[in-house]
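Here's the structure we're looking at; comments come further down.
In this note's numbering, the protein residues as written are 27 to 289.
Structure, rendered in structure tokens:
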């Protein structure tokens with residue numbers, strides 16, 4: 027009787043350990059891909075089911091005028107899959123032109139979207155500007171583990187039973203601050219500005235297993251790394267500033283360039 031009572035617990039522990047090992051192995055691939063800005067990992071299309079980016083636009087007061095950040099003035103969700111791309115709404119708006127996940131270039135570029143994107147234009151005398159907050163999520167089938175459910179497997183019956191997890195990507199610029207009223211000759215201010223441009227905090231949050239209804243189980247892992255280099259933006263639709271046409275810039279990609287630094 028004791029053996030029968032302990033056996034299910036032992037099997038559950040074994041399963042948990044196996045799942046954690048799979049996520050650990052996948053995490054190393056994702057960490058390398060994002061912090062090195064890799065653009066040729068086309069095999070990722072076999073494992074990324076979808077990427078979802080939840081964006082909120084905030085009106086940020088000019089520090090010279092003061093005032094609270096306030097609530098978001100607009101929010102939307104961009105969803106990308108292997109066959110489609112659209113922006114949630116009633117009805118959903120298609121991304122124009124369509125931007126499906128057909129290669130690793132698009133996958134890594136979308137996952138490298140910064141957590142916060144400031145307005146890229148405007149006068150310093152304006153009383154406020156826009157700040158965009160992004161929540162980037164990937165829904166992934168495990169790259170590690172048994173070979174039976176890996177590419178070129180196409181059977182939906184087999185793929186539906188494969189191990190899946192949800193990965194949240196947070197890429198932030200260095201958060202060291204300086205006094206905006208400091209003199210332009212202040213060397214500390216210039217050093218801080220260079221760090222903000224060329225040093226980023228990358229955090230990957232994994233939750234598993236991913237269930238059929240979109241919920242996740244109790245598995246959780248967080249990886250964090252500092253990434254040096256320039257965050258390069260090779261592809262962009264309309265500017266972020268054109269918030270009324272938010273669907274147009276949803277094909278914006280970003281890549282870390284660890285060999286390149288900017289002043």
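Think of the CB as a built atom: it goes at the ideal place given N, C-alpha and C, for glycine as much as any other residue. Small disclaimer: the values here were computed from a predicted structure and weren't measured.
Quiz item: Going by alpha carbons, who is nearest to residue 119 out of 233, 134, 109 and 105?
Solution: 105
Quiz item: When the distance is taken between beta carbons, is residue 134 closer than 8 angstroms to residue 59?
Solution: yes
Exercise. Give a yes or no on whether the C-beta atoms belonging to residue 168 and residue 190 are separated by under 8 angstroms.
Key: yes
Quiz item: With DSSP run on the structure shown, which of helix, strand or coil describes residue 106?
Solution: strand
Exercise. Look up residue 197 in the DSSP assignment and say whether it is helix, strand or coil.
Key: strand
Practice problem: Might you give, ordered along the chain, the residues of its own chain that have their beta carbon closer than 7 angstroms to the beta carbon of residue 151, omitting 5 neighbours on each side? | Solution: Reliability fails at residue 151, whose pLDDT of 48 lies under 50, so the model's placement of it is uncertain and no value is given.
Practice problem: Kindly indicate the opening and closing residues of the alpha helix (DSSP H) around residue 135. | Solution: 130-137
Exercise. May I have the straight-line CA-CA distance separating residue 255 from residue 287, to the nearest angstrom?
Key: 5 angstroms
Quiz item: In or out: residue 83 buried (at least 16 other Cβ within 10 Å) or exposed?
Solution: buried
Practice problem: Give the secondary structure of residue 48 by DSSP, where H, G and I count as helix, E and B as strand, and everything else as coil. | Solution: helix
Quiz prompt | Delimiting residues of the alpha helix (DSSP H) encompassing residue 121 | solution = Residue 121 -> no alpha helix (DSSP H), and no H or E assigned at all.
Practice problem: Report the rounded CA-to-CA distance for residue 110 versus residue 229, giving the unit in angstroms. | Solution: 27 angstroms
Exercise. With a 10 Å radius around its C-beta and 16 neighbouring C-beta atoms as the bar for buried, classify residue 209 as buried or exposed.
Key: Confidence is the limiting factor: at residue 209 the pLDDT is only 44, short of 50, which leaves the residue's position unreliable and the question unanswerable from this model.
Exercise. Below 8 angstroms on the Cβ atoms is my guess for residue 125 versus residue 132; work out the distance and round it to an integer in Å.
Key: 7 angstroms
Quiz item: Straight-line CA distance for residue 5 to residue 87?
Solution: Given a span of 27 to 289 for the chain in the structure shown, any question on residue 5 remains unanswerable.
Practice problem: Determine the direct distance from the alpha carbon of residue 237 to that of residue 245, and round the result to whole angstroms. | Solution: 12 angstroms
Self-check item: Sequence-distant residues of its chain with Cβ nearer than 8 angstroms to residue 71 (five each side left out)
Solution: 108, 127, 128, 129, 130 and 133
Quiz item: Could you give the residue range of the beta strand (DSSP E) that holds residue 182?
Solution: Careful: residue 182 lies outside any beta strand (DSSP E), inside the alpha helix (DSSP H) at 182-185.
Quiz prompt | Coarse secondary structure for residue 285, derived from DSSP in three states | solution = coil
Practice problem: Whole angstroms is fine: what's the gap from residue 278's alpha carbon to residue 101's? | Solution: 17 angstroms
Quiz item: Do you know offhand how far residue 55's Cα is from residue 281's?
Solution: 16 angstroms
Self-check item: Beta-carbon gap between residue 61 and residue 251 smaller than 8 angstroms
Solution: yes
Quiz item: What did DSSP end up calling residue 170 once you bin it into helix, strand or coil?
Solution: coil
Self-check item: Beta-carbon separation (whole angstroms), residue 243 vs residue 234, contact threshold 8 angstroms
Solution: 6 angstroms
Quiz prompt | Start-to-end residues for the beta strand (DSSP E) that takes in residue 69 | solution = That residue, residue 69, is in no beta strand (DSSP E); it is neither H nor E in DSSP.
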